[in-house]
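What follows is a set of notes on a single structure, which appears directly below.
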Amino acid sequence: MIKDNLFGKKLKVINIGLESFKDALDKCGVESVQVDWHPPAPVTEKSSRIITANLEQIDKANAEVMKKILAGKPALVGMGKALDTVPGMKPNLILHAGPPITWDRMCGPMRGAVVGALIYEGLAKNPADAEKLAESGEIEYAPCHEHAAVGPMAGIVSASMPVFVIKNEEFGNYSYATMNEGLGKVLRYGAFSEEVIARLRWMETALYPSLKAAIESLGSIDLRSIIAQALHMGDEVHNRNRAATSLFYRTIAPAIVATAPDKNAAIKVLEFINGNDHFFLNLSMAACKVSLDAARNILHSSIAVVMARNGTDFGVQLAGTGDRWFIGPAPVPDALFFAGFSKDDANPDIGDSAITETGGLGGFAIASAPAIVGFVGGKAADAVNYTLQMYEITAAESEAYQIPYLNFRGTPTGIDVIKVVENGITPFIDTGVAHKKAGIGQVGAGVLSAPLEPFIKAYEGLSETF
Amino acid sequence: MIIKGTVDKGKYYDSITLMTAAKKLRELAGVIDSAVIMGTKENKAILKASGLYVADFDLSSDTDMLIAIKAKNEKIADDAIGNVKVILDNLKKGGGDSREFKPRSIQKAVTDFPDANLALISVAGKYAGAEAMKALKLGLHVMLFSDNVPLETEIELKKYALQKGLLLMGPDCGTAIINGVPLAFANVVPKGKIGIVAASGTGLQETSCLIANAGEGISQAIGVGSRDIGKDVGGLMFIEGIRRLAKDPETEVILLVSKPPHESVLKKIGQTVKNIKKPVVAVFLGADLKTVEKMKMIPAFSLDDAAAVAIRTLRKETGTGFSHTDNYWKKHFLGIINKERKGISSSQKYIRGLFSGGTFCNEAQVLLKNKLKDIYSNSPILSVGKLDNPLISEKNSLIDLGADEFTVGRPHPMIDYSLRNKRIIQEASDRTVAVILLDIVLGYGDNPNPLAEIVPAIQQAKATAKKGRRAISIICSVTGTDKDPQNRATIVKGLSENGVTVMESNAAACRLAGLIVTHEVSHDKT
Numbered sequence: 001m002i003k004d005n006l007f008g009k010k011l012k013v014i015n016i017g018l019e020s021f022k023d024a025l026d027k028c029g030v031e032s033v034q035v036d037w038h039p040p041a042p043v044t045e046k047s048s049r050i051i052t053a054n055l056e057q058i059d060k061a062n063a064e065v066m067k068k069i070l071a072g073k074p075a076l077v078g079m080g081k082a083l084d085t086v087p088g089m090k091p092n093l094i095l096h097a098g099p100p101i102t103w104d105r106m107c108g109p110m111r112g113a114v115v116g117a118l119i120y121e122g123l124a125k126n127p128a129d130a131e132k133l134a135e136s137g138e139i140e141y142a143p144c145h146e147h148a149a150v151g152p153m154a155g156i157v158s159a160s161m162p163v164f165v166i167k168n169e170e171f172g173n174y175s176y177a178t179m180n181e182g183l184g185k186v187l188r189y190g191a192f193s194e195e196v197i198a199r200l201r202w203m204e205t206a207l208y209p210s211l212k213a214a215i216e217s218l219g220s221i222d223l224r225s226i227i228a229q230a231l232h233m234g235d236e237v238h239n240r241n242r243a244a245t246s247l248f249y250r251t252i253a254p255a256i257v258a259t260a261p262d263k264n265a266a267i268k269v270l271e272f273i274n275g276n277d278h279f280f281l282n283l284s285m286a287a288c289k290v291s292l293d294a295a296r297n298i299l300h301s302s303i304a305v306v307m308a309r310n311g312t313d314f315g316v317q318l319a320g321t322g323d324r325w326f327i328g329p330a331p332v333p334d335a336l337f338f339a340g341f342s343k344d345d346a347n348p349d350i351g352d353s354a355i356t357e358t359g360g361l362g363g364f365a366i367a368s369a370p371a372i373v374g375f376v377g378g379k380a381a382d383a384v385n386y387t388l389q390m391y392e393i394t395a396a397e398s399e400a401y402q403i404p405y406l407n408f409r410g411t412p413t414g415i416d417v418i419k420v421v422e423n424g425i426t427p428f429i430d431t432g433v434a435h436k437k438a439g440i441g442q443v444g445a446g447v448l449s450a451p452l453e454p455f456i457k458a459y460e461g462l463s464e465t466f
Numbered sequence: 467m468i469i470k471g472t473v474d475k476g477k478y479y480d481s482i483t484l485m486t487a488a489k490k491l492r493e494l495a496g497v498i499d500s501a502v503i504m505g506t507k508e509n510k511a512i513l514k515a516s517g518l519y520v521a522d523f524d525l526s527s528d529t530d531m532l533i534a535i536k537a538k539n540e541k542i543a544d545d546a547i548g549n550v551k552v553i554l555d556n557l558k559k560g561g562g563d564s565r566e567f568k569p570r571s572i573q574k575a576v577t578d579f580p581d582a583n584l585a586l587i588s589v590a591g592k593y594a595g596a597e598a599m600k601a602l603k604l605g606l607h608v609m610l611f612s613d614n615v616p617l618e619t620e621i622e623l624k625k626y627a628l629q630k631g632l633l634l635m636g637p638d639c640g641t642a643i644i645n646g647v648p649l650a651f652a653n654v655v656p657k658g659k660i661g662i663v664a665a666s667g668t669g670l671q672e673t674s675c676l677i678a679n680a681g682e683g684i685s686q687a688i689g690v691g692s693r694d695i696g697k698d699v700g701g702l703m704f705i706e707g708i709r710r711l712a713k714d715p716e717t718e719v720i721l722l723v724s725k726p727p728h729e730s731v732l733k734k735i736g737q738t739v740k741n742i743k744k745p746v747v748a749v750f751l752g753a754d755l756k757t758v759e760k761m762k763m764i765p766a767f768s769l770d771d772a773a774a775v776a777i778r779t780l781r782k783e784t785g786t787g788f789s790h791t792d793n794y795w796k797k798h799f800l801g802i803i804n805k806e807r808k809g810i811s812s813s814q815k816y817i818r819g820l821f822s823g824g825t826f827c828n829e830a831q832v833l834l835k836n837k838l839k840d841i842y843s844n845s846p847i848l849s850v851g852k853l854d855n856p857l858i859s860e861k862n863s864l865i866d867l868g869a870d871e872f873t874v875g876r877p878h879p880m881i882d883y884s885l886r887n888k889r890i891i892q893e894a895s896d897r898t899v900a901v902i903l904l905d906i907v908l909g910y911g912d913n914p915n916p917l918a919e920i921v922p923a924i925q926q927a928k929a930t931a932k933k934g935r936r937a938i939s940i941i942c943s944v945t946g947t948d949k950d951p952q953n954r955a956t957i958v959k960g961l962s963e964n965g966v967t968v969m970e971s972n973a974a975a976c977r978l979a980g981l982i983v984t985h986e987v988s989h990d991k992t
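Chains as they are written, first to last, in this note's numbering: chain A, 1 to 466; chain B, 467 to 992.
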């Protein structure tokens, strides 16, 4: 039986293609919607056929993955030295941001950060020695992501570095992240001067014990709740962490005062946290990591559990393809540059911080952060549009994290590589920009669209699971 | 001279926007040629063929925008490339960044606009099938404007649409009128009682306009794409269209418009019509009228004939078909013929028909093939000869400027008049040409300002002929209505003021042209 909803009904049109056709409909007073169509990503016909034929199975896997991601309950439960805490950590192992990379292919800032870490560890006396050691083969490198950890920018974690321990209270898995050093000359941007090393030592000897004691005295700190509130206060917890840092500060301050050995120690620790708007970034990243890791290894799922960059390559991992990395060249971000710097100084995109977007925050939640719309064109509407577009490539909406401007709609969560490919839309990522030379540090901040290539490879990789 | 090219990765604009940008670049001083095009395999081949390919394009893919400039020197080329972004931003209204949010996918559009009932799809053919399938799965009727959709895809889409009880108009469906709304390249015609199913876009426009201009209206006009009536598709949507109109309470007369359907399809149409109580008028341009009549359809010979018969049937007036003979027309047109022949010498014997509508080129062949000898076309039907070179006319030539050889890499001649304008002047400088026969098609989607485009070419054609101490007759039909954005009356007036004889229909223009050149022949004999 033909159900006819056409003849004699009001015509309502979706126009895909030539916009002049919509103009004509407007003139005729006909309601219509223009689709801002872009060609789908070029994937092989074979993979497209396989994926199309198995959509039902993929949808089922994705539903399971999203159930896990959305149910994640990240909490800060402790701290420890990387060597004692991070699974698989060894004295000669250096963890880095992004997909796997060898010393010879590392970008300037990552090499700088490795050099800094080797000096900090006492494995080298000076930068020249450190470089020699770094390329000698004695030092091993591995992605943070392969050790349940995440690190912003260069993301370097070495054995003596203290790390936060985050627990997913729903599923019992853990993630790890270093403490944020602040802005300016810092290791994560590849700086390794004496002041950088000195700060790292202070963090290890003064900041870490205080924080560790404070966290232990509190038992655990609910990161999900802090992030949820911060989104209502103008953060997207990637490029803006001011509200989240403040909320964390309110939570931790009494405990620090209570557990610190003396007043001066407490003041120094609290001033350090207070003076760094991005202190919370490493926690928001680890919170996303722990939620996403719970959904790993659910066969056939097309949902991304990792997006990460090492300054050379951009890598993606899917829930449904195990430990495989899908990699393409990392692009140089579009950014607002600090005075005296330009795009020519910028290193290709770097850092594990895109885990926030993978978890439905950061660029995906930029509609929550009107204060930083300067990065996306200057108008609040632009930020809203970016978030709205991300709903087209995600599988679900967050239950915990909401956007006030969109009537408390949940943030777009769970990047579906099939939607990325079909709609030709890649994830929108907030990012800091490192100078391409080691040791100079941050030169700007901005946004970028993830490159298409890793997603095309991930799509094709997914088709190989059938 | 220098050729420069750059790749803008991940940038996408529709082809019309890109072609408009390329045209604007060509207007810059010192720019010899330009292309702004997506990096598909096909497009790269076009660039290679036109000498605009650079090695940088090797690594580009379907989703990259390619810019190529041939210019007098490097600076001009660089400046032109620098200009592309500004031109594209200006073309995209709203300047980009702060545009109102537009969904990027049909799925999202349906979520935002849940009572949508039709998807109008005009993306490039290689993607259009997938988009159409998504729309059908979401329960939308589809008008598929795109061409170059593979035949298997068309069949798959149409079978699926029928399963779901949906219409799939197209592919390569340029026009339709649904619930009084003109879609894509369609005219503004009043609502009425005649329903049309057409496998010919221009045929649909012409008949619906003639019906409107005669005071009647259209209930629905369904375009199905020209391949529908072929053997492979088997008339799936043509027949579905007839069935829908048969059930539609607003439709009293059904009018079918196409080239002759494949024998097997014609049979199915006949079986469908047999069970319908409403009168069915059919113009299958070039088909045997008796066969059609035997199938309980009222046959028409030409598009104007079809419109007239449909109206007469609707009004229940007596008589069917066009009763007028050649002699009638000769008498009827005598005044015009004499006027048009003034200054035309006996060595000027030929018609050059330059059509933007493919169906008009067909209709011209149907109407003139028995009246004139030596007819050639780039897309010949019946016994008409094929032109060796579509760019060079021979004797009587009827050219379809919408044919593939003319439209690769540029907009359709109903939008972009430049190619035909050149051809008009070329034909006018041929001493053997007596008549230039033209069509102008109005409506949404077509060129918004045809007079400004064509009048300079007509003036130059007349001047060229005058310089050669001869006259030239220019006859034109204007398909459209006074409600169209271009306003038919304004266009007719503008053409007449510039010495063009405007006829009510393409068929009338063809008949007149034929009589002008044969008049001379018979005159010579006596």
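Beta carbons are placed, not taken as given, at the ideal position from N, Cα and C, and that holds for glycine.
As the structure is a computational prediction, the values presented were derived from the model and not from experiment.
is_contact[residue i, chain A] using C-beta, thresh 8 Å
i                       : result
glutamine 686 (chain B) : yes
aspartate 581 (chain B) : yes
Exposure of residue i, with buried meaning 16 or more beta-carbon neighbours within 10 Å
i                           : result
arginine 897 (chain B)      : exposed
serine 158 (chain A)        : buried
glycine 1011 (chain B)      : The requested residue 1011 (chain B) does not occur in the structure, where chain B is confined to residues 467 to 992.
phenylalanine 651 (chain B) : buried
aspartate 555 (chain B)     : exposed
methionine 467 (chain B)    : exposed
Residue range of the unbroken beta strand (DSSP E) whose run includes residue i
i                        : result
asparagine 310 (chain A) : 304 to 310
isoleucine 503 (chain B) : 497 to 504
alanine 490 (chain A)    : This structure cannot settle anything about residue 490 (chain A), because the visible part of chain A is limited to 1 through 466.
serine 571 (chain B)     : First-last for serine 571 (chain B): undefined, no H or E at that position.
tyrosine 208 (chain A)   : Unbroken run through tyrosine 208 (chain A) is the alpha helix (DSSP H), 208 to 218; no beta strand (DSSP E).
is_contact[residue i, chain B] using C-beta, thresh 8 Å
i                        : result
leucine 299 (chain A)    : no
isoleucine 429 (chain A) : no
glycine 328 (chain A)    : no
lysine 12 (chain A)      : yes
serine 302 (chain A)     : no
alanine 24 (chain A)     : yes
Beta-bridge partners of residue i, as assigned by DSSP
i                       : result
serine 863 (chain B)    : B:Arg818, B:Tyr842
glutamate 397 (chain A) : A:Pro412
tyrosine 176 (chain A)  : A:Ala149, A:Val165
valine 663 (chain B)    : B:Ile688, B:Leu722
proline 648 (chain B)   : B:Ile643
glycine 737 (chain B)   : Checking the displayed sequence, the identity of residue 737 (chain B) turns out to be glutamine instead of glycine. Beta-bridge pairing links glutamine 737 (chain B) to no other residue.
Run of the alpha helix (DSSP H) containing residue i, from where it starts to where it stops
i                        : result
threonine 259 (chain A)  : 242 to 259
glutamate 64 (chain A)   : 55 to 71
alanine 154 (chain A)    : Neither: alanine 154 (chain A) is in no alpha helix (DSSP H) and is coded neither H nor E.
methionine 110 (chain A) : 108 to 120
threonine 356 (chain A)  : 355 to 358
isoleucine 957 (chain B) : 954 to 963
serine 481 (chain B)     : 481 to 492
With three or more C-beta pairs closer than 8 Å as the rule, is the segment 522 to 535 of chain B touching the segment 497 to 505 of chain B?
yes
Per the contact definition of three or more C-beta pairs closer than 8 Å, is the segment 578 to 589 of chain B in contact with the segment 30 to 38 of chain A?
yes
Does the structure place the segment 826 to 840 of chain B close enough to the segment 968 to 984 of chain B that three or more beta carbon pairs sit under 8 Å?
yes
Is the segment 676 to 686 of chain B touching the segment 654 to 665 of chain B, taking contact as three or more C-beta pairs under 8 Å?
yes
Looking at C-beta atoms only, is the number of pairs between the segment 244 to 253 of chain A and the segment 208 to 221 of chain A that lie closer than 8 Å three or more?
yes
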